[in-house]
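Numbering (our numbering), first residue to last: 49 to 387.
The beta carbon of each residue, even a glycine, is placed where N, CA and C say it ideally should be.
For clarity, every value in this text was computed on a predicted model and none was experimentally measured.
To start, the structure itself, in structure tokens.
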Amino acid sequence: MAEKILVTGGAGYIGSHTSVVLQEAGYEVLIIDNLSNARADVPHRIAGISGIQPAFIKADLCNEKDLDYCFDRHPDIAGVIHFAAYKSVGESSAFPLKYYHNNLAGTINLLKAMQQANCRNLVFSSSCTVYGQPDQLPVSEEAPLKEAFSPYGNTKRICEEIIRDQAGASSLQAIALRYFNPIGAHHSAQIGELPVGIPNNLVPYLTQTAAGKRESLKVFGRDYNTHDGTGIRDYIHVVDLAEAHLEAIRRLLEQKNKEAFEVFNLGTGTGYSVLDIINTFEKVSGVRVRHEFTDRRAGDIESVWADPSKANRYLGWKARLGLEEMLRSAWAWEQLLGS
Ligand code: NAD
Ligand code: WQD
49 MAEKILVTGG AGYIGSHTSV VLQEAGYEVL IIDNLSNARA DVPHRIAGIS
99 GIQPAFIKAD LCNEKDLDYC FDRHPDIAGV IHFAAYKSVG ESSAFPLKYY
149 HNNLAGTINL LKAMQQANCR NLVFSSSCTV YGQPDQLPVS EEAPLKEAFS
199 PYGNTKRICE EIIRDQAGAS SLQAIALRYF NPIGAHHSAQ IGELPVGIPN
249 NLVPYLTQTA AGKRESLKVF GRDYNTHDGT GIRDYIHVVD LAEAHLEAIR
299 RLLEQKNKEA FEVFNLGTGT GYSVLDIINT FEKVSGVRVR HEFTDRRAGD
349 IESVWADPSK ANRYLGWKAR LGLEEMLRSA WAWEQLLGS
């Protein structure tokens, strides 16, 4: 019988892609999501791709009763992949309590419910934001964590610590995955990122500019110490990221993990600048992107890219899709958005 995986936040951007990958690998997927940042039709879209309708419960992790209901109805959950969180860096600085409450209380409630249900396998969505501007590049998991610039970033660091402590004190086995910059969409263009309002992140802003929804893309800073003066990041295709989650949950289910709490970087290992992104996008789409240079954005770091060798070695996973494919799929999704 297929093992059942609970995907919190499974109607969201990364969770929906991971749900498809899990189903394609033969797992049964149960999604819980409060739809605070997702469309209600995402489970149907997932079914449209995989041919299998995932179970879906509209539930809020901040409500302990919602979680009790999920675990009571599904006592056979073999593992949990925990995506559900708020993720806007800027909003978290304006409304820190909203972020601390949702991201911390949601995680604590989940851990309590898992313990009660005797469910011991957890994969957690962390972020490269925990490294700040690393002293050495590429950044490995050994790099010291830096003080968070935003309440959002702090929630990722604190959640890692909470999960690590709980794994040290109980039968919980957990893997925290530190994502670099996820972009792109499923090749079907049926699921992708749904930015609400004006996008904060580069690629959704860029595709909206190319689509004529925004006047011009602002390039934040051209005086960084990089090959063209613009900031460098490690962009990773969301489908590659989803596949790493499959390997991480498998590692736990097959008890191949070496420690009760493990951490892996998920990136390609290659950094691209903002201008590299614009130029590659123009090449693959044939569409010019109006852009202008402005001051640096407060809190931005200059450069970061991953050393993904630990994930390559222990998860048996490697990012496969290149920048052109990432941007081509992001553009296809933008053009079909809303349909
Ligand atoms: P997303 O907003 O698309 O998905 C998160 C989902 O969680 C949404 O569908 C939302 O409705 C749901 N949710 C939020 N709070 C909830 C709650 N209390 N109860 C139930 N559902 C809730 O975000 P995403 O980009 O898919 O990110 C997924 C995870 O990965 C998040 O934890 C995020 O912090 C982390 N992450 C994202 C990025 C990125 O750039 N997208 C980078 C690093 C880490
Ligand atoms: C990328 C590059 C900008 C927008 C954020 C979070 C991080 C993680 C991923 C969750 C930078 C430049 C951007 C624009 C620009 N999320 N840029 N014009 O800041 O690396 O990471 O998302 O964990 O925590 O901080 O991503 O896409 O915003 O920026 O020039 O309109 O593009 O300065 O160099 P970032 P981003």
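Would you tell me roughly how many angstroms separate the C-alpha atoms of residue i and residue j, rounded to the nearest one?
i       : j       : result
Leu-185 : Leu-250 : 22 Å
Asn-150 : Gly-201 : 13 Å
Gly-277 : Thr-257 : 22 Å
Leu-220 : Gly-334 : 50 Å
Asn-305 : Gly-364 : 13 Å
Ser-218 : Gln-163 : 8 Å
Asp-288 : Arg-368 : 7 Å
Tyr-61  : Pro-192 : 29 Å
Glu-429 : Ala-290 : Residue 429 is absent from the model: the chain starts at 49 and stops at 387.
Glu-76  : Asp-114 : 20 Å
Phe-143 : Ser-377 : 33 Å
Leu-10  : Ser-264 : This structure gives no information on residue 10, because the portion of the chain shown stretches from 49 to 387.
Gln-303 : Ala-222 : 11 Å
Lys-106 : Pro-356 : 35 Å
Asn-85  : Ile-94  : 16 Å
Arg-373 : Ser-67  : Contrary to the premise, residue 373 reads as Glu rather than Arg in this sequence. So the two alpha carbons sit approximately 21 Å from each other.
Ala-308 : Glu-189 : 16 Å
Ala-292 : Gly-370 : 16 Å
Lys-358 : Gly-317 : 11 Å
Asn-111 : Thr-274 : 46 Å
Leu-301 : Gly-260 : 46 Å
Ala-354 : Asp-81  : 30 Å
Ile-246 : Arg-87  : 17 Å
Gly-22  : His-234 : The displayed coordinates of the chain run from 49 to 387. Any statement about residue 22 would go beyond what the structure contains.
Whose C-beta lies closer than 8 Å to the C-beta of residue i among residues of the same chain, with five residues either side of it excluded?
i       : result
Ile-349 : Gly-180, Gln-181 and Gly-279
Val-352 : Cys-176, Tyr-179, Gln-181, Pro-182, Leu-185, Val-187, Phe-228, Ile-280, Arg-281, Asp-282 and Gly-319
Val-267 : Thr-278, Val-322, Leu-323, Ile-326, His-339, Glu-340, Phe-341 and Thr-342
Glu-208 : Phe-172, Ser-174, Val-178, Ala-224 and Val-311
Ser-146 : It should be noted that the sequence gives Lys, not Ser, for residue 146. Tyr-134, Glu-139 and Ser-140, listed in sequence order.
Ser-236 : Gly-96 and Ile-97
Gly-269 : Gly-277, Thr-278, Gly-279, Phe-341, Thr-342, Asp-343, Arg-344, Arg-345 and Asp-348
Ile-53  : Leu-70, Tyr-75, Glu-76, Val-77, Leu-78, Ile-125, Ala-126, Gly-127, Val-128, Ile-129 and Ile-297
Glu-195 : Gly-180
Ser-136 : Tyr-200 and Asn-248
Glu-72  : Ser-98
Might you give, ordered along the chain, the residues of its own chain that have their beta carbon closer than 7 Å to the beta carbon of residue i, omitting 5 neighbours on each side?
i       : result
Thr-104 : Note that residue 104 corresponds to Phe in the displayed sequence, not to Thr. Contacts found: Ile-79 and Pro-91.
Ile-156 : Ile-210
Asp-116 : Ala-161
Gly-74  : Ala-50
Leu-152 : Thr-203, Ile-206 and Cys-207
Arg-262 : Tyr-253 and Gln-256
Val-337 : Leu-254, Thr-257, Ala-258, Leu-265, Ile-326, Phe-329 and Glu-330
Pro-230 : Ile-62, Ile-284, Val-286 and Leu-289
Could you pull the DSSP bridge partners for residue i from this structure?
i       : result
Lys-52  : Glu-76 and Ile-125
Ile-223 : Val-171 and Glu-310
His-293 : Answer is none; His-293 lacks a bridge partner.
His-235 : Bridge partners of His-235: none, in fact.
His-339 : Leu-265
Asp-81  : Lys-106
Val-187 : Ala-354
Ser-321 : Ile-280
His-65  : For His-65, which the question treats as bridged, DSSP gives no partner whatsoever.
Asn-229 : Tyr-283
His-130 : Thr-56 and Phe-172
Would you mind stating whether residue i and residue j have Cβ atoms separated by less than 8 Å?
i       : j       : result
Gly-347 : Phe-197 : yes
Asn-248 : Gly-315 : no
Phe-131 : Gly-63  : yes
Val-244 : His-65  : no
Leu-158 : Thr-56  : yes
Phe-119 : Ala-165 : yes
Arg-226 : Asn-313 : yes
Tyr-148 : Pro-199 : yes
Gly-154 : Leu-109 : yes
What residues in its chain sit with their C-beta under 6 Å from that of residue i, if we drop five residues either side in the sequence?
i       : result
Arg-121 : none
Lys-366 : Asn-360
Val-332 : Glu-372, Leu-375 and Arg-376
Gln-214 : Leu-159 and Leu-220
Contact between the stretch 239-253 and the stretch 368-383 is defined here as three or more beta-carbon pairs at a separation below 8 Å; is this criterion met?
As far as the Cβ criterion goes, the stretch 239-253 touches the stretch 368-383, which means the pair count is three or higher.
| query | Contact between the stretch 83-102 and the stretch 110-130: three or more CB pairs below 8 Å? | reply | no
**Report entry** Cβ contact (3+ pairs, closer than 8 Å) linking the stretch 159-171 and the stretch 287-303
**Finding:** yes
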